[in-house]
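To keep things clear, I will list the structure first and then write my remarks on it.
There are 2 protein chains.
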Amino acid sequence: MAVTLADVAARAGVSAATVSRVLSGNYPVAGATRSRVLRAVEELEYVVNGPASSLAAATSDLVGVLVNDIADPFFGIMASAVQSEMEPEKAGGKLAVVCNTGGSPERELTYLMLLQRQRAAAVVLTGSAVEDPGHAEALAARLRRLAAAGTRVVLCGRPPLPEAGGDGGQGGGKGAAGAGPGGTGAPLTVAFDNRGGARRLTEHLLALGHRRIGYVAGPAERTTTRHRLEGHRAALADHDRDHGRDLLTEADRLTVHGAYDRSSGYDGALELLRREPGLTAVLAANDTVALGVCAALREAGLSIPGDVSVAGFDDLPFSADASPSLTTVRIPLHEAGARAGRLALGRESAPPGDVATVRTELMVRASTAAPRTD
Amino acid sequence: MAVTLADVAARAGVSAATVSRVLSGNYPVAGATRSRVLRAVEELEYVVNGPASSLAAATSDLVGVLVNDIADPFFGIMASAVQSEMEPEKAGGKLAVVCNTGGSPERELTYLMLLQRQRAAAVVLTGSAVEDPGHAEALAARLRRLAAAGTRVVLCGRPPLPEAGGDGGQGGGKGAAGAGPGGTGAPLTVAFDNRGGARRLTEHLLALGHRRIGYVAGPAERTTTRHRLEGHRAALADHDRDHGRDLLTEADRLTVHGAYDRSSGYDGALELLRREPGLTAVLAANDTVALGVCAALREAGLSIPGDVSVAGFDDLPFSADASPSLTTVRIPLHEAGARAGRLALGRESAPPGDVATVRTELMVRASTAAPRTD
DNA sequence: CCTGGGATAGAAAGCGCTTTCTAAAGCGAG
DNA sequence: CTCGCTTTAGAAAGCGCTTTCTATCCCAGG
Numbered sequence: 001m002a003v004t005l006a007d008v009a010a011r012a013g014v015s016a017a018t019v020s021r022v023l024s025g026n027y028p029v030a031g032a033t034r035s036r037v038l039r040a041v042e043e044l045e046y047v048v049n050g051p052a053s054s055l056a057a058a059t060s061d062l063v064g065v066l067v068n069d070i071a072d073p074f075f076g077i078m079a080s081a082v083q084s085e086m087e088p089e090k091a092g093g094k095l096a097v098v099c100n101t102g103g104s105p106e107r108e109l110t111y112l113m114l115l116q117r118q119r120a121a122a123v124v125l126t127g128s129a130v131e132d133p134g135h136a137e138a139l140a141a142r143l144r145r146l147a148a149a150g151t152r153v154v155l156c157g158r159p160p161l162p163e164a165g166g167d168g169g170q171g172g173g174k175g176a177a178g179a180g181p182g183g184t185g186a187p188l189t190v191a192f193d194n195r196g197g198a199r200r201l202t203e204h205l206l207a208l209g210h211r212r213i214g215y216v217a218g219p220a221e222r223t224t225t226r227h228r229l230e231g232h233r234a235a236l237a238d239h240d241r242d243h244g245r246d247l248l249t250e251a252d253r254l255t256v257h258g259a260y261d262r263s264s265g266y267d268g269a270l271e272l273l274r275r276e277p278g279l280t281a282v283l284a285a286n287d288t289v290a291l292g293v294c295a296a297l298r299e300a301g302l303s304i305p306g307d308v309s310v311a312g313f314d315d316l317p318f319s320a321d322a323s324p325s326l327t328t329v330r331i332p333l334h335e336a337g338a339r340a341g342r343l344a345l346g347r348e349s350a351p352p353g354d355v356a357t358v359r360t361e362l363m364v365r366a367s368t369a370a371p372r373t374d
Numbered sequence: 001m002a003v004t005l006a007d008v009a010a011r012a013g014v015s016a017a018t019v020s021r022v023l024s025g026n027y028p029v030a031g032a033t034r035s036r037v038l039r040a041v042e043e044l045e046y047v048v049n050g051p052a053s054s055l056a057a058a059t060s061d062l063v064g065v066l067v068n069d070i071a072d073p074f075f076g077i078m079a080s081a082v083q084s085e086m087e088p089e090k091a092g093g094k095l096a097v098v099c100n101t102g103g104s105p106e107r108e109l110t111y112l113m114l115l116q117r118q119r120a121a122a123v124v125l126t127g128s129a130v131e132d133p134g135h136a137e138a139l140a141a142r143l144r145r146l147a148a149a150g151t152r153v154v155l156c157g158r159p160p161l162p163e164a165g166g167d168g169g170q171g172g173g174k175g176a177a178g179a180g181p182g183g184t185g186a187p188l189t190v191a192f193d194n195r196g197g198a199r200r201l202t203e204h205l206l207a208l209g210h211r212r213i214g215y216v217a218g219p220a221e222r223t224t225t226r227h228r229l230e231g232h233r234a235a236l237a238d239h240d241r242d243h244g245r246d247l248l249t250e251a252d253r254l255t256v257h258g259a260y261d262r263s264s265g266y267d268g269a270l271e272l273l274r275r276e277p278g279l280t281a282v283l284a285a286n287d288t289v290a291l292g293v294c295a296a297l298r299e300a301g302l303s304i305p306g307d308v309s310v311a312g313f314d315d316l317p318f319s320a321d322a323s324p325s326l327t328t329v330r331i332p333l334h335e336a337g338a339r340a341g342r343l344a345l346g347r348e349s350a351p352p353g354d355v356a357t358v359r360t361e362l363m364v365r366a367s368t369a370a371p372r373t374d
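In order, the protein sequence lines correspond to chains A and B. full-length UniProt numbering puts the last residue of the first sequence at 374; the count rises by one with no breaks. full-length UniProt numbering puts the last residue of the second sequence at 374; the count rises by one with no breaks.
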C-alpha cells in the first residue's frame, strides 16, 4: 500500500541497504548514488516507516513529557521549553510527547507504561510528586524499569527519588538497575529551590512588619507544598529566635490547604479571615491561588495591599498584569524545562550529584506593602 | 536484553502466538491458558514492544495534536480535552502527542511529517491557519498524504481546507485521495463560529450606545482574525443600514493588528487612542490582548468601563477574574477539543458536510457599559 | 464406535527497516 | 602488470510482533 524502502531502491536502481544508509547518513555513500536516491525519495514521496525503523534499530525518537495540567501555563511553559530543545527538524531530532496526567499518580504510571512500550528515548517528569509511600514506591519501580530499558529519566521540579526501597523481588533481572546506555540509573533531577523561595518571601513580609500572616497552601500530600511550607516556617522560626516572638506556633492555625486553583484561594482566604480577622498578609500556594485570595479579600471589603498584603508563587505571565501586580517568587520555568530537555537528550552532562537546582527569585511588586500601624 | 514475547511464551509453556492473543484480547483463549500467560507476564515484567507491534499490525496508537502555543491556556484546554478522550489505560487506547508549532507553518509541516513517519492513527490540528496560498497548498498536500496513508485528520478551530488545488502530479499514486480506512479524504472539521461571536459582541456594544469602537485585531494573515473582523464589520454594516450612519468606513481607521499577546494589546490600545482620542470602546483579538488593552487605558488615566468599555474573545479562565471582569465571547474549548478527539478516534461519526460548528456565546460582564453621555 | 465440527493452540510467514558480513571495483605501490 | 588496500554497494539475517493457515483435541450425533 504505502511506498517502502524497496520501492525507492528499485526506482533509484540501488539496494535497500543503500537507501537506508543515505537516509540515516551514518555511512559513506558516493555522491552520485546519494543524489539518485534522494531524487527517488522525492519522486515517490517516500516517508520512513517509524515503527519498522525503531524496531530494527532498537531506538525511538519519542521523548515523553509528563505534566499535571496541560492547561496550566506553569506546565505549559516547561513543556514548551523541553520541546524547544528537541530539534524535530533535524535528522537525530526527537518528538516530544506531552502527556497530561491530571495530577493523578495512576495516570502517571499508565503513561510511563505506554512510553516504555514505545521504547521512548527519554522521559521528563514535571510537577510535584505525591508523598504517599505506596505511590512513591510504585513510581520508583517503574522509573527503575524504564532506566533499565535504556530510557533516560529526568525529573523537573520534583525532588530526587528516595533510594530504592525493596529489592525488586523475583525474576533474574539482569542490569543492576540502569547502567544502561546513557542512563546513570538514578534519574537526573532539575530541582526548584522552593524552600529558599518561600523563606525569602516570608522574610520579606516580616521585614515589612507583618506578624499575622496566613498561608493558603497547596495540596497537603505534595512535596512542593511541604517544601514551601518548610521555607515559610524556617523564616518564622528565625524571626522568633531573634525577636523572642512565637509566630511559629501560630502558623498552624493560619495555614489552610487547597488545590492549585483560584477557588481554593478564594475559599482559603475566607477561612483564614474567619480564623483571624486581624490578618495583615496572605501567602498563596501559587499565583493562580493568589488571584482567588485577592478576589475574596476584595469582596470582604479589604484593599490590597492597603489592608492586607498578598503574595503568590511561580511568577506566571499574568502575575505582573494583575491589579495590583503580584509580589511573587519567580521560578525560571523556561530555563528549567530547557535544561531538563538537554539532560533528556544527553546533550548536557549530568549535574554533580545528579541534581541541578535552579534558583528562585523574589519579585517584589505592588501587592505587598507595610501593614497599617494600628 | 529486554524481555520478549518469546520469553513469556516459554515461561508460560505456550506459543508466542497465544501470548499475543491473550494480550490483544481479540481471539478466544481458554481461561486456564490465559491466566498462565498473564502470570508469566507479571513475573517477567513484560512490556510489549510498541514499534514491533505497530510494524506487524500496521497500526499505531499515537494521535498527534498540533497547537500554536502550548503555554497558552487557549490551546492547553483544547489539548487537554482531546487527550481526555484517548483512554490510554484501556487496551485500544491512544497516546496523544501534543506538538508545539509556535505558530510557524514550517514547524507544522515538520511535525506532520514526523507524525506520518510514526504512522499516527490520527492528527488534530488546532489554532488558526495562515492564509498564505503557498503554505495553504503545502499543508493541504501533506494532509492529503496523511489521509491517503490512513491517518484520520481533524481540524479544530480552523476552517475547512479549500478543495484540492493542483492534481498532485507524478507517480502512479493509487488511492483517489483518501478512501483509506476510516478517512473520508476531506479532513473532519470542528469550526468555531468566530463571525457570529464577533458580530454579537459588536451588536452588544452598539446597543449600549457605543459609536467609536476600536479593534485590536490578531495577526492579519490568520483566518481567525479575518473571520472575527468580518463579524464585527457585518454588525457595523447592519447598523449603518438601519440608522443611516457610516460606522463601517470608520472601522478601517479604528482597526490595528498585532499578535495574540498582552503587549500587542497594550501597544494597540495606545495607537488607537492616538488615532481617535474619543474612543468609547475597544474590542480585543482575545482575552490576553484585552488585558493589555486594559493596562494601557488605565495608564492613560481612563477608567474601565467608565471611560472606555473593553471586550475580549475566548473566555479563558482568568477572564472572569480580571478586574473589571471581562465581557467576552465564550468559545467552548473543552467541548470542541473533546469532540475533535472523538472524531479523531472515529468514535463519533462525521458531522454532515464534515464540518461541526460549535456555537460561541456572548458573556456580558463588568468591562462593558453604556458610554458617558457627553 | 466412528465421524464431523467447534474450540483452542501452534507453525510460520511476513511487516519494513538496520546492519553486519561479504563482494566488487578502483587505485597506488612494488 | 600484479598485489593488497580502501571505498562503495549488495545480500541476507534478523528486530519482536501479528495473523493466517493448519493441526489437534474433544464432544455430540448418527
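Quick reminder that beta carbons are idealized off the backbone N, C-alpha and C, glycines included.
Buried or exposed (CB count within 10 angstroms, at least 16 for buried), residue i
i: B/Pro187; result: buried
i: A/Pro277; result: exposed
i: B/Lys94; result: buried
i: A/Arg359; result: exposed
i: A/Ser104; result: exposed
i: B/Ser15; result: exposed
i: B/Arg158; result: buried
i: B/Thr189; result: buried
i: A/His210; result: buried
i: B/Asn26; result: exposed
Residue range of the unbroken beta strand (DSSP E) whose run includes residue i
i: A/Ser263; result: Per DSSP, A/Ser263 belongs to no beta strand (DSSP E); it is in the alpha helix (DSSP H), 262-275.
i: B/Leu66; result: 62-67
i: B/Glu361; result: 361-363
First and last residue of the uninterrupted alpha helix (DSSP H) at residue i
i: A/Glu299; result: 287-299
i: B/Met78; result: 73-84
i: A/Glu108; result: 105-117
i: A/Ala6; result: 5-12
i: B/Leu247; result: 247-253
i: A/Asn194; result: 194-208
i: B/Gly214; result: Here B/Gly214 belongs to no alpha helix (DSSP H); instead the beta strand (DSSP E) covers 213-217.
Beta carbon proximity, residue i to chain B, threshold 8 Å
i: A/Tyr46; result: no
i: A/Ala176; result: Caution applies to A/Ala176, whose pLDDT of 33 falls short of 50 and renders its modelled position unreliable; the model cannot decide the point.
i: A/Thr110; result: yes
i: A/Phe313; result: no
i: A/Ala296; result: no
i: A/Gly50; result: yes
Identity of the residue in the options nearest residue i by Cα
i: A/Thr225; options: A/Glu106, A/Glu85, A/Asn100, A/Asn286; result: A/Asn286
i: A/Thr33; options: A/Val282, A/His210, A/Val22; result: A/Val22
i: A/His313; options: A/Arg347, A/Val216, A/Val154, A/Leu279; result: It is worth fixing the name first, because residue 313 of chain A is Phe in this sequence and not His. Cα-wise, what sits closest to A/Phe313 is A/Val216.
i: B/Ala122; options: B/Leu139, B/Leu343, B/Asn194, B/Ala350; result: B/Leu343
i: residue 402 of chain B; options: B/Glu348, B/Val310, B/Val65; result: Within the shown structure, residues of chain B are numbered from 1 to 374, placing residue 402 of chain B beyond reach of any answer.
i: A/Arg298; options: B/Phe318, B/Ala296, B/Asn100, B/Ser323; result: B/Ser323
i: B/Gly218; options: B/Ala296, B/Val256, B/His334, B/Glu42; result: B/Val256
i: B/Gly50; options: A/Val364, A/His243, A/Met113, A/Ala17; result: A/Met113
Residue-chain proximity (residue i, chain A), Cβ-Cβ < 8 Å
i: B/Ser323; result: yes
i: B/Pro105; result: no
i: B/Thr184; result: Because the pLDDT at B/Thr184 is just 49, under 50, the model does not fix this residue reliably, and the value given afterwards should be weighed accordingly. Taking Cβ atoms only, chain A never reaches closer than 8 Å to B/Thr184, which makes this a no.
i: B/Val97; result: yes
i: B/Gly76; result: yes
i: B/Pro305; result: no
i: B/Ser264; result: no
i: B/Ala79; result: yes
Residue i versus residue j: straight-line alpha-carbon distance, rounded
i: A/Ala269; j: A/Ser303; result: 13 Å
i: B/Val19; j: B/Leu5; result: 7 Å
i: B/Ala370; j: B/Arg275; result: 22 Å
i: A/Arg152; j: B/Ala2; result: 16 Å
i: A/Gly127; j: B/Arg233; result: 45 Å
i: B/Leu283; j: B/Gly292; result: 12 Å
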